[in-house]
Structure formats: C-alpha cells, structure tokens
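Asks: Take a look at the following structure, please.
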Amino acid sequence: MYPYLHREAIPDQLLITGGIIITGLTIALGECYRVHYRGVSSKAFVRNLYVSCLYKELGSFLFGCCVGQSLTNMAKLSVGRLRPHFLSVCGVSYASLNCTPGTYVSTVTCRQTDHRLEEEARKSFFSGHASFAMYTMLYLAFYLQARWCWRGARLLRPLVQFFLVLLAVYTGLTRISDYRHHPSDVITGYIQGALTAYWVAFHVSSMFKDYNSTLSPSLDNPPSPSSSMFKDYSSTLSPSLDNPLSPRLLHV
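To convert, note that position 218 of the sequence shown is 218 in the UniProt record's numbering; the numbers rise steadily by one, no gaps.
Below, the structure is given as structure tokens:
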C-alpha cells in the first residue's frame, strides 16, 4: 500500500504557470524579434504585424493546450483508474478488505470523509502532468527549430531542445515517485502530449510554413549542370576526351 504524500514534487500551479510562461514568453519574444528585425509580412485581416504574428503563434499554442487538457480530462473521467495511493486516501488496507490474490474487489467503502480526495484518487489514467509538460516543452523545441536561425553555435540549439524534453520527462517521473500515477499512465501522457505538439506545430501553426518559405535559394534550387562546379570538373578532363581523334589520324 503506497502512502499519500501531501506535498508534490511539481504542483499543478507550478506546472501550468511554468509551462505557459516559459513557452508563451519565448514565442512572444521570438515573434516580436521577427517583426522588428526581419520585416515579415502577413496576409491576416489585422494590420498590426505584432498582433497578427502573436495571434497566429500564441493562439496555436494555447489551442493545443486546450486540446490536450480536454483529452486528459475525458480520459480521467471516463476510465476512472485508481491511483497507487488510493487505499491510503480511503483509509483502508488489504487486510480490511479481505483481499486474496487474483480476486477483484468491486466495492470499497472509504473511511475518510474527504470526498474530494477520494474523487481525485480515481483519476489515474492518464497523467495530466506528463501530457502537459511534454506538450509545452516539445512545442517549444519545435518552435526553436523553426525560428532559431543563428549559426554561431551549432550545438546550442539541440542542447536547449534536449534539456526541454528532459524537463518534460522528469516531470512525468515525479508523478511515479509521488505515487500519483502508474508507469503506464505516465507513458500514455508522454505519447498524448508529443502527438498533440507535433499536430499543432506542423498542421495548425504556420511556423514551419514560414520557415520553408525563407530558405535560401541555394537550398531550394539544386545546382544546374551549367554551374561553376561542373565547369571546373569538365575543364579537368583529358584532351583526348574533349577532342576526339580525327579520321586522318585513325586512317592507317
């Protein structure tokens, strides 16, 4: 029987505030930088470029937050899987339930009077912390991939992206150590958050569409046979290949 820990490693307030502020503030600063220094254009009905770009990117991010939270709440309310600390919250033990291995206990009468804790103890599947953390951090990693164009340090961007994903994974692992979720709940939350981040980043948001449109011509158009590279190569060919033998030289 797992104990009920009153203090969580990462409370709900810290998770929501940190995830939204870190990702939202980074997106806001990135879009303001693009508008001010890169002169981006927009076809939106809003004439202010700052408002238009912030609406597209921040709106897409917040839309994904709502989608992920809706899926999480639907699963918690419909599945009703018991948390690992359910027996401690209810104030019962295996001995009081007369449990035998391989049998299913259909009804449990909780001795505790706090019905809110009992209701929360029935919402194990799937982990909302793992889902929200993975969505916000992975979405920010996608945003950095699309917007971070500085080539000064080649490994800096993947290093930051790695730490963002690592932070999301750590958040999910704390739910197991706090006895709030089973490992399968956390893994499912990871998958749901990652899929939501991928869907919003590549199919709802326009950040990768803008990224593809700003590629340099050298990346969009491969070199033609008339380029200098092929000219230099052809100039190194032997004269016997460039000037074929005349019929007079071949006549014996």
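Positions of the beta carbon are idealized from the N, C-alpha and C atoms, including for glycine.
I'd like to know whether the C-beta atoms of R81 and F125 end up nearer to each other than 8 Å.
Replies: yes
Asks: Going by DSSP in three states, V186 sits in which element: helix, strand or coil?
Replies: Note: V186 maps to helix in three-state DSSP.
Asks: Mind checking P84: buried by the 16 CB within 10 Å criterion, or exposed?
Replies: With 16 or more Cβ atoms within 10 Å of its Cβ, P84 is classed as buried.
Asks: How would you call D114, buried or exposed, if buried means at least 16 neighbouring beta carbons within 10 angstroms?
Replies: exposed
Asks: Near E8, what residues of its chain come up, given a Cβ to Cβ distance below 8 Å and the 5 sequence neighbours on each side ignored?
Replies: T174, D178, R180
Asks: Report, in whole angstroms, the separation of the C-beta atoms of L164 and A141, which I expect to be a contact under 8 Å.
Replies: 5 Å
Asks: Could you compute how far the alpha carbon of V36 sits from the alpha carbon of V51?
Replies: The question names Val, yet the displayed sequence has His at residue 36. Roughly 12 Å between the two C-alpha positions.
Asks: Mark S60 as exposed unless 16 or more other C-beta atoms lie within 10 angstroms of its C-beta, in which case mark it buried.
Replies: buried
Asks: Taking the alpha-carbon positions, what's the G152 to L159 distance?
Replies: 14 Å
Asks: Cα separation between N48 and T136?
Replies: 27 Å
Asks: Could you pull the start and end residues of the alpha helix (DSSP H) that D12 belongs to?
Replies: 12-33
Asks: Mind checking whether L77 and Q192 have CB atoms under 8 Å apart?
Replies: no
Asks: So, with DSSP's three-state summary, where would you put S96?
Replies: coil
Asks: State the Cα-Cα distance for the pair S127 and I187, rounded to the nearest angstrom.
Replies: 8 Å
Asks: If you draw a straight line from the C-alpha of P11 to the C-alpha of T171, how long is it?
Replies: 10 Å
Asks: If you check the beta carbons only, do E118 and C149 fall under 8 Å apart?
Replies: Judged by beta-carbon spacing, C149 lies beyond the 8 Å limit of E118, meaning their Cβ atoms are not closer than that value.
Asks: When the Cα atoms are used, what is the spatial distance from N98 to L15?
Replies: 39 Å
Asks: What is the C-beta distance between Y139 and A197, in whole angstroms, given that I count them as a contact (C-beta under 8 Å)?
Replies: 4 Å
Asks: Sort A28, E57, I21 by Cα distance to H203 and report the nearest one.
Replies: When each option's Cα is compared against that of H203, the closest is E57.
Asks: Roughly how far, in whole angstroms, is the beta-carbon of C65 from the beta-carbon of E31, given that I think they are within contact range, below 8 Å?
Replies: With a Cβ gap of about 17 Å, C65 and E31 do not count as contacting.
Asks: Going by DSSP, what residue range makes up the alpha helix (DSSP H) through H115?
Replies: 115-120
Asks: Tell me the residue span of the alpha helix (DSSP H) that contains V160.
Replies: Residue range 156-177 is occupied by the alpha helix (DSSP H) that includes V160.
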